[in-house]
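Step one of this worksheet: look at the structure below.
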Amino acid sequence: MHSGGDGSSTTVVINEPNTGKAAPAHPPPPQVAPSPVKTKPKMRVGVRRGLAVFDFVLRLFAIGAALAATTTMGTTDQTLPFFTQFFQFQASYNDLPAFTFFVVANAIASGYLVLSLPLSIVAIVRPKAVAPRFTLLIFDTIMVALTTAAAGAAAAIVYLAHKGNTSANWIAICQQFDNFCQRISGAVVASFVAAVLFMFLVLLSAAALRRR
Numbered sequence: 001m002h003s004g005g006d007g008s009s010t011t012v013v014i015n016e017p018n019t020g021k022a023a024p025a026h027p028p029p030p031q032v033a034p035s036p037v038k039t040k041p042k043m044r045v046g047v048r049r050g051l052a053v054f055d056f057v058l059r060l061f062a063i064g065a066a067l068a069a070t071t072t073m074g075t076t077d078q079t080l081p082f083f084t085q086f087f088q089f090q091a092s093y094n095d096l097p098a099f100t101f102f103v104v105a106n107a108i109a110s111g112y113l114v115l116s117l118p119l120s121i122v123a124i125v126r127p128k129a130v131a132p133r134f135t136l137l138i139f140d141t142i143m144v145a146l147t148t149a150a151a152g153a154a155a156a157i158v159y160l161a162h163k164g165n166t167s168a169n170w171i172a173i174c175q176q177f178d179n180f181c182q183r184i185s186g187a188v189v190a191s192f193v194a195a196v197l198f199m200f201l202v203l204l205s206a207a208a209l210r211r212r
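Put into structure tokens, the structure is as follows:
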């Protein structure tokens, strides 16, 4: 406002510049980030139950392999048809400590597998239960070590029976005791199969516990 000398007043109006943009009537709604899709609990339970069923089936196969190794080695005995006045040529598994250990170890593994079946069934019925699965994981790991040691020790004796050792003057006996060597070789193969199945059982138990 400006005052003149004659007492009159002059009003000056200042207009704001027009930017050409109208103020929005309502502010835009805030954008919410989409939440990640969560796995359905029923799907997780189904996977655990599937692993438990597979675990049970593998235990049945492992029982067959361990029992076959035990019975085959434990009943291996061959006597050659010729003999002398002082010697009778006979080969039996209990003549060698490694084979005796083999029979005992696979018998323990067979008994454990039979006793573990109820825990495996509990894992099928209650897939979220941790204690049965953790117990099986511990004992399966022990059985891996036991069966692998037994199969490895017996495999070394089987190799000597087939090939011999010229440095130690150990002759190969499988040309004479052919049936004996075939049976102990089959028992060692069955024991290695049981050891591999135990390894798969350990992996299954670890995978089931990880999903919890």
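Under the UniProt record's numbering, the final residue of the sequence shown carries the number 212; numbering is consecutive throughout. Each residue gets a CB set at the ideal place from its N, CA and C atoms; glycine is no exception. Model, not experiment: these values are computed from the prediction.
Cutoff 9 Å: residue i Cβ touching any chain D Cβ
i    : result
L137 : In the structure shown, chain D cannot be found, because there is only a single protein chain.
Reduced DSSP secondary structure (H/G/I, E/B, other) of residue i
i    : result
A129 : coil
L113 : helix
L96  : coil
Own chain residues within Cβ distance below 7 Å of residue i, not counting five before or after
i    : result
G186 : T72
I119 : The question names Ile, but residue 119 is Leu in the sequence shown. Within the same chain, L119 has close Cβ partners P132, T135, L136.
V193 : A65
A207 : L51
T141 : V202
Delimiting residues of the alpha helix (DSSP H) encompassing residue i
i    : result
C181 : 178 to 210
Cross-strand partners of residue i (DSSP beta bridge)
i    : result
N165 : W170
Q78  : A91
Supposed contact pair residue j and residue i - C-beta distance, whole angstroms, cut 8 Å
i    : j    : result
V202 : V114 : With a Cβ gap of about 18 Å, V202 and V114 do not count as contacting.
A154 : S191 : 7 Å
A69  : L197 : Contact flag wrong, Cβ pair sits at about 12 Å.
T100 : F180 : At roughly 15 Å, the Cβ-Cβ gap does not stay under 8 Å, so T100 and F180 are not in contact.
V188 : P127 : In fact, because the Cβ distance is near 37 Å, the residues do not count as touching under 8 Å.
Close-in-space but distant-in-sequence residues of the same chain around residue i (CB under 8 Å, 5 per side omitted)
i    : result
K163 : A172
6 Å Cβ shell around residue i - same chain, five flanking residues per side excluded
i    : result
A123 : A52, P132, R133
Y93  : M73, T76, F99
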